[in-house]
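Counting in the UniProt record's numbering, the sequence shown runs from 1 upward without gaps.
From the three backbone atoms N, C-alpha and C, an ideal C-beta is built for every residue, glycine too.
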Amino acid sequence: MIPVILSGGNGSRLWPISRKQNPKQFLPLVGQQTLFQQTIQRLSLEEVSAPVVVCNDAHRFLVEEQLEAINCAPHSILLEPFGRNTAPAVALAAFSILENGQDDVMLVLPADHVIENIEPFHHALKIASAAAQSGEMVLFGITPDKPETGFGYIQTTPSATTENGTLRVEAFVEKPNAEKAQAYLASGDYFWNSGMFMFQASCYLEELKQHEPSIYEKVLSTFQRSRKEDKVLHIDSDIFAHCPDDSIDYAVMEKTTKACVVPLQANWNDVGSWSALWDVHAKDENGNVAKGDVLLEQTSNCYVHGEDRMVALLGLDNVVVVDTKDALMVASKDKVQDVKKLVQAIEKKQRPEANAHREVYRPWGCYDSVDNGSRHQVKRITVKPGARLSLQKHHHRAEHWIVVSGTAEVTCGERTFLMSENQSTYIPIGELHRLANPGKIPLEIIEVQSGSYLGEDDIVRFEDIYGRVDSNISAPTKINVEEV
Numbered sequence: 001m002i003p004v005i006l007s008g009g010n011g012s013r014l015w016p017i018s019r020k021q022n023p024k025q026f027l028p029l030v031g032q033q034t035l036f037q038q039t040i041q042r043l044s045l046e047e048v049s050a051p052v053v054v055c056n057d058a059h060r061f062l063v064e065e066q067l068e069a070i071n072c073a074p075h076s077i078l079l080e081p082f083g084r085n086t087a088p089a090v091a092l093a094a095f096s097i098l099e100n101g102q103d104d105v106m107l108v109l110p111a112d113h114v115i116e117n118i119e120p121f122h123h124a125l126k127i128a129s130a131a132a133q134s135g136e137m138v139l140f141g142i143t144p145d146k147p148e149t150g151f152g153y154i155q156t157t158p159s160a161t162t163e164n165g166t167l168r169v170e171a172f173v174e175k176p177n178a179e180k181a182q183a184y185l186a187s188g189d190y191f192w193n194s195g196m197f198m199f200q201a202s203c204y205l206e207e208l209k210q211h212e213p214s215i216y217e218k219v220l221s222t223f224q225r226s227r228k229e230d231k232v233l234h235i236d237s238d239i240f241a242h243c244p245d246d247s248i249d250y251a252v253m254e255k256t257t258k259a260c261v262v263p264l265q266a267n268w269n270d271v272g273s274w275s276a277l278w279d280v281h282a283k284d285e286n287g288n289v290a291k292g293d294v295l296l297e298q299t300s301n302c303y304v305h306g307e308d309r310m311v312a313l314l315g316l317d318n319v320v321v322v323d324t325k326d327a328l329m330v331a332s333k334d335k336v337q338d339v340k341k342l343v344q345a346i347e348k349k350q351r352p353e354a355n356a357h358r359e360v361y362r363p364w365g366c367y368d369s370v371d372n373g374s375r376h377q378v379k380r381i382t383v384k385p386g387a388r389l390s391l392q393k394h395h396h397r398a399e400h401w402i403v404v405s406g407t408a409e410v411t412c413g414e415r416t417f418l419m420s421e422n423q424s425t426y427i428p429i430g431e432l433h434r435l436a437n438p439g440k441i442p443l444e445i446i447e448v449q450s451g452s453y454l455g456e457d458d459i460v461r462f463e464d465i466y467g468r469v470d471s472n473i474s475a476p477t478k479i480n481v482e483e484v
């Protein structure tokens, strides 16, 4: 059984914590590990192989770092240049599995769900595995415990069970109104659609080819044109751009005659909104969930998240307050399904808060923009032990570097030298330079930029151990090493 972890979503309904550059699946929203890491760690069964991870190209280093942190060596990582929904993503994974001469059962899992009860989840996997090996296409249906209007439903026929004891799918139902949701709950024939699936790789591709041949052909052509680098597959963007955008549900599961349901009661939650996140957390005696430095008075049934400063609430009920370094959101808990409308409005204004946090993660570490002006910017930069930034230059800005802690290896022009705590240096406009951490502890510096343009796109890279160099840029001349 090979898990296929789909981790390409943006999680816009959990803004302002979840952003495009660091979406919810890569955040520790429930517990110490991220949702992505928890998804992999709950697959601790002997018959489960290394995972195939499908993610956005922009999240490659996040994925690799989080896999390394939990000592997980993946089967492969498929880097999508842009999203084309779940049907093409799973097809890419299926081709990747079959390329190695395998026709394993694929366990398709979103990377951003919470499953609290692992034992019934593992039991459901074993039932589903037997069904998938016999040619069935399995959906995991969540047994509803309330008339939820935010999920799609699967209607089953209890009298028409398969040989493996699973339930045959009768119909897929879109998100219902409250009255219909109550009727679905009372009937006992309906399950929430979890977005988790299991089937053999070849079976999925056969059904996709039959029901959506355009997706099949475009994904096949894309896969054949894609570039492999060790365990990483760089998906060809030219052909993939013409692939139809469709989900597994619409493209295959609603059309195949092989669809069946394995019921799952394991305290599942898709953590798709702030109210869902409130649901899965322990609450105080007044029904509040508080994260960070939070003070509550005469307040009940609220979710409060603070990061950089104290957040105080007085006399409120049923609200969500999320305070980050660069954005504050206050919303009625009954309206949090519409948070994505706020994100759309922010994107329309072309503001950066929709895409990135003030603190931005890079493969070498991170930086936090602590102050900005018309001709200056101040960053706090942290470089991981053994890591280095690219060899680069800027056309429009100069930089001053001050070491706060750790040891810095600085390349500036033809010189390479070391700096320790409280030492500083100056990088002129247009000068070739690089920052590296040769030490065993994190390097922290303060960088002061000054110039006519301070955008992140004013970088010309010449060398980069993370593969971010433009192939049209020629390598610089050899640099001499000097220690001071």
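Buried or exposed for R397, going by 16 or more other Cβ atoms inside 10 Å?
A residue is called buried when at least 16 other Cβ atoms come within 10 angstroms of its Cβ; R397 meets this threshold and is buried.
Any chance you could list the beta strand (DSSP E) runs of at least 3 consecutive residues sitting entirely within the stretch 379-447, in chain order?
Unbroken beta strand (DSSP E) stretches of 3 residues or longer found wholly inside the stretch 379-447: 391-393, 397-405, 408-412, 415-419, 424-427 and 433-436, given in chain order.
For R19, tell me which candidate among V169, C72, P352 and Q41 has the shortest Cα-Cα distance.
R19 has its Cα closest to that of P352, out of V169, C72, P352 and Q41.
Rounded straight-line distance, which links the Cα of E229 to that of V469:
Computed Cα separation, rounded: 16 Å.
For a quick check, are the C-beta atoms of I97 and A181 less than 8 Å apart?
In this structure, the beta-carbon distance from I97 to A181 does not fall below 8 Å.
Pull the bridge partners of Q449 from the DSSP assignment, please.
Answer by DSSP bridge pairing, in chain order: Q377 and E399.
Measure the CB-CB distance between W192 and I118 and report whether it falls below 8 Å.
For the 8 Å CB-CB criterion, W192 and I118 do not form a contact.
Cβ of G8 within 8 Å of Cβ of G101?
No Cβ-Cβ contact shorter than 8 Å links G8 with G101.
Is the CB-CB distance between R380 and Y367 below 8 Å?
Yes; because the gap between Cβ atoms is below 8 Å, this pair is in contact.
P158: buried (16+ other C-beta within 10 angstroms of its C-beta) or exposed?
Per the 10 Å Cβ criterion, exposed.
May I ask you to verify whether the stretch 116-130 touches the stretch 245-253, counting CB pairs closer than 8 Å and requiring at least 3?
Under the three-pair Cβ rule at 8 Å, the stretch 116-130 does not count as touching the stretch 245-253.
Restricting to runs no shorter than 4 residues, where is the alpha helix (DSSP H) found entirely within the stretch 173-213?
Listed in chain order, they are 178-187 and 201-211.
Rounded to whole angstroms, what's the CA-CA distance from S76 to L316? Just pull it up for me.
S76 and L316 have their C-alpha atoms roughly 48 Å apart.
Give the single residue among Q337, S226, L208 and L35 whose Cα lies nearest to the Cα of R13.
A check of alpha carbon separations from R13 across Q337, S226, L208 and L35 identifies Q337 as the nearest.
Comparing C-alpha positions only, which one of D326, S452, N269 and N355 sits nearest to V370?
Here the closest residue by C-alpha is D326.
Within the same chain, show all residues whose beta-carbon is closer than 6 Å to that of S452, passing over the 5 residues directly before and after it, in chain order.
Answer for S452: H396, listed in chain order.
If we count the other Cβ atoms within 10 Å of its Cβ and call it buried at 16 or more, is E285 buried or exposed?
Exposed, by the Cβ-count rule.
Leaving aside the five residues before and after A276 along the sequence, list all residues of the same chain whose C-beta is less than 6 Å from its C-beta, in chain order.
For A276, where only same-chain residues beyond five positions count, the Cβ hits under 6 Å are N269.
Buried versus exposed call for V481 [16 or more other C-beta atoms within 10 Å across all chains shown]
At V481, the pLDDT of 35 sits below 50, so the modelled position is not reliable; the number obtained from the coordinates is stated separately. Flag for V481 reads exposed.
Tell me whether Q265 is buried or exposed, calling it buried when 16 or more other Cβ atoms sit within 10 Å of its Cβ.
Classified as exposed, Q265 has fewer than 16 neighbouring CB atoms from the shown chains inside 10 Å of its CB.
Check whether the Cβ atoms of H234 and S226 lie closer than 8 Å to each other.
For H234 and S226, yes; Cβs fall inside 8 Å.
Residues near C243 in its chain [Cβ-Cβ closer than 7 Å; skip 5 each side]
Take C243, set aside five residues on each side of it, and the residues of its chain with a beta-carbon closer than 7 Å to its own are R84, P88, I215, K218, V219 and T222, in chain order.
So, with DSSP's three-state summary, where would you put F121?
Under the three-state reduction of DSSP, F121 is assigned to helix.
Taking I446 as the reference, give the member of G455, K341 and W401 with the closest Cα.
Nearest C-alpha to I446: W401.
The beta strand (DSSP E) that contains F462, what's its start and end?
Counted as a single uninterrupted DSSP element, the beta strand (DSSP E) harbouring F462 occupies residues V460 to E463.
Same chain, Cβ closer than 7 Å to I479, five either side skipped, listed in chain order:
With a pLDDT of 39 at I479, under the threshold of 50, the modelled position of this residue cannot be trusted; read the value that follows with caution. Within the same chain, I479 has close Cβ partners T411, E414 and T416.
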